[in-house]
């Protein structure tokens, strides 16, 4: 085999290797993601709080004891990586509802409905993927209007269970990683912390909705958002940046994203094939 042809073969192989390395570097997998804790408040109002800040989670669960611990629900980035977008965090005191969205237009619209943006230094930022990649899975978003609450989960079973209790499934808010996508993270609660079970969650939600309805019927009062003729959510007058997606990319609910280990395996296979071909041609 002429040396020039052999040189071309190895040049192609090296180029493919360099491309695979760049792809692997661009794919920030679950090893770079951090645990996102979820706490639930069902005493008088519904609210799911999501945070990657252990101190904040511990404060609302163990110190203030206003929320019940629900542990780690998914993994997300706390620093922006290539291909990720900011998951904005908002809070409505009138609705007693934490709201998360990657859509800046939706966040701005929420501000006009009484929400306050909490994307400040006091809260750990969250970044997620807008599409399935690097082994990420769908983050489903659901909403119940009374009492107002947004629910985010990677569990299709939990999403469907919430729907049976009044939550309306809206769409895929983005893509994150499952908690078991990497080694077990730090403990989520102290040994004396209260952990809510699925049965308790269902009971709390039903009781909270019932109590809220009875209270409003007895007093005949309305919230500030109702008095002003505005609705806190859903915000139908904005265009979503993350469009509705299928329930799952694969039968098991995972995405078709390529992991770094898969890229490495493909690169090794490709290089072996190139060398074998070169050997036959020599």
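In our numbering, the protein residues as written are 1 to 282. We put the CB at the ideal spot given by N, CA and C, even for glycine.
Simplified DSSP assignment, three categories, for residue i
i           : result
residue 179 : helix
residue 68  : strand
residue 33  : coil
residue 148 : strand
residue 104 : helix
residue 174 : strand
residue 122 : coil
residue 157 : helix
residue 132 : coil
residue 76  : strand
Any non-hydrogen atom of the ligand NAP within 6 Å of residue i CB
i           : result
residue 146 : This structure lacks the ligand NAP, and indeed carries no ligand of any kind.
Supposed contact pair residue j and residue i - C-beta distance, whole angstroms, cut 8 Å
i           : j           : result
residue 130 : residue 174 : 6 Å
residue 166 : residue 144 : 5 Å
residue 50  : residue 98  : 7 Å
residue 110 : residue 142 : 17 Å between Cβ atoms; not a contact.
residue 107 : residue 117 : 7 Å
From the options, residue whose alpha carbon lies closest to that of residue i
i           : options               : result
residue 158 : 97, 170 and 140       : 140
residue 66  : 53, 82, 51 and 47     : 47
residue 77  : 69, 97 and 53         : 53
residue 30  : 74, 57 and 42         : 74
residue 102 : 166, 171, 40 and 70   : 171
residue 70  : 105, 153 and 108      : 153
residue 136 : 57, 180 and 113       : 180
residue 283 : 96, 104 and 106       : The structure shown does not extend to residue 283, since the chain is modelled only from 1 through 282, so no value can be given for it.
residue 33  : 108, 80, 107 and 106  : 80
residue 27  : 64, 55, 134 and 151   : 134
residue 119 : 150, 87 and 128       : 87
residue 156 : 138, 35 and 44        : 138
residue 149 : 100, 62, 64 and 59    : 100
residue 85  : 128, 161 and 132      : 128
residue 178 : 161, 160, 168 and 132 : 132
residue 176 : 72, 161 and 63        : 72
residue 122 : 160, 45, 168 and 55   : 55
residue 43  : 35, 63, 59 and 68     : 68
Opposing strand residues paired with residue i [DSSP bridges]
i           : result
residue 115 : 92
residue 83  : Note: residue 83 sits in no beta bridge, so no partner.
residue 39  : 49 and 69
residue 142 : 151 and 169
residue 137 : 176
residue 57  : The partner list for residue 57 (beta bridge, DSSP) is empty, contrary to what the question assumes.
Point to revise | Stretch-stretch touch, CB-based, cutoff 8 Å, three pairs: the region 31-40 with the region 91-99 | key: no
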